[in-house]
Amino acid sequence: MTYDEGLAQRIRERLGEWSAVTEKRMFGGLAFLLHGNMTVGVSGEEVVVRVGPDRTEQALARPEARPMDFTGRPMRGWVTVSGPALAEDAVLDHWITTAVAFADTLPPK
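Mind the numbering: the sequence shown is residues 1 to 109 in the UniProt record's numbering, read in order.
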């Protein structure tokens, strides 16, 4: 599976202020890691966002989010964001800020 390079670039630009961000091809897409912890990723035209177990339900209340499910079993602490809302900078900013806030609480790998 390929990923939307334009969407990846928009994420890259927003994460540019953190020097501890790295990129890694994973699961047919592109993952962005903060201190070695996966934070957000691009898979096809969707964004995978690590929100943390305690914020999953709150994240799923947003209309552009759904449970992340690559294997037939949703992963708690992760959501998939898709649809026209991703074209809005404010929406993408929200998800990146949410993901970075959680990843920043994790110990570096």
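Heads up, the beta-carbon is just placed ideally off N, CA and C, and yes, glycines get one too.
So the alpha helix (DSSP H) residue i belongs to, where does it begin and stop?
i, result
"T98", "D89 to A103"
"E17", "First-last for E17: undefined, no H or E at that position."
Thinking C-alpha only, which one of the options is nearest residue i?
i, options, result
"G28", "A85, V48 and W78", "V48"
"P74", "R50, R10 and L34", "R50"
"G6", "A87, I96 and T98", "A87"
"A8", "G52, L30 and R66", "L30"
"T56", "T98, T71 and G83", "T98"
"Y3", "R66, R25, G16 and S19", "R25"
"P84", "K109, G72 and E64", "E64"
Which stretch, first to last residue, makes up the beta strand (DSSP E) that contains residue i?
i, result
"L33", "G29 to L34"
"residue 141", "Outside the modelled stretch of the chain, which goes from 1 to 109, sits residue 141, for which no answer is possible."
"T22", "V21 to M26"
"T80", "W78 to V81"
I need the straight-line Cα distance from residue i to residue j, nearest angstrom please.
i, j, result
"D104", "L92", "18 Å"
"L106", "T39", "10 Å"
"R10", "A59", "21 Å"
"T22", "R14", "13 Å"
"A101", "R76", "17 Å"
"W78", "V42", "13 Å"
"D69", "V81", "12 Å"
In the DSSP assignment, what are the bridge partners of residue i?
i, result
"residue 111", "In this structure the chain extends from 1 to 109, so residue 111 is not present and cannot be described."
"G41", "A31 and V48"
Quick check on the burial criterion: 16 or more other C-beta atoms within 10 angstroms. Buried or exposed for residue i?
i, result
"E46", "buried"
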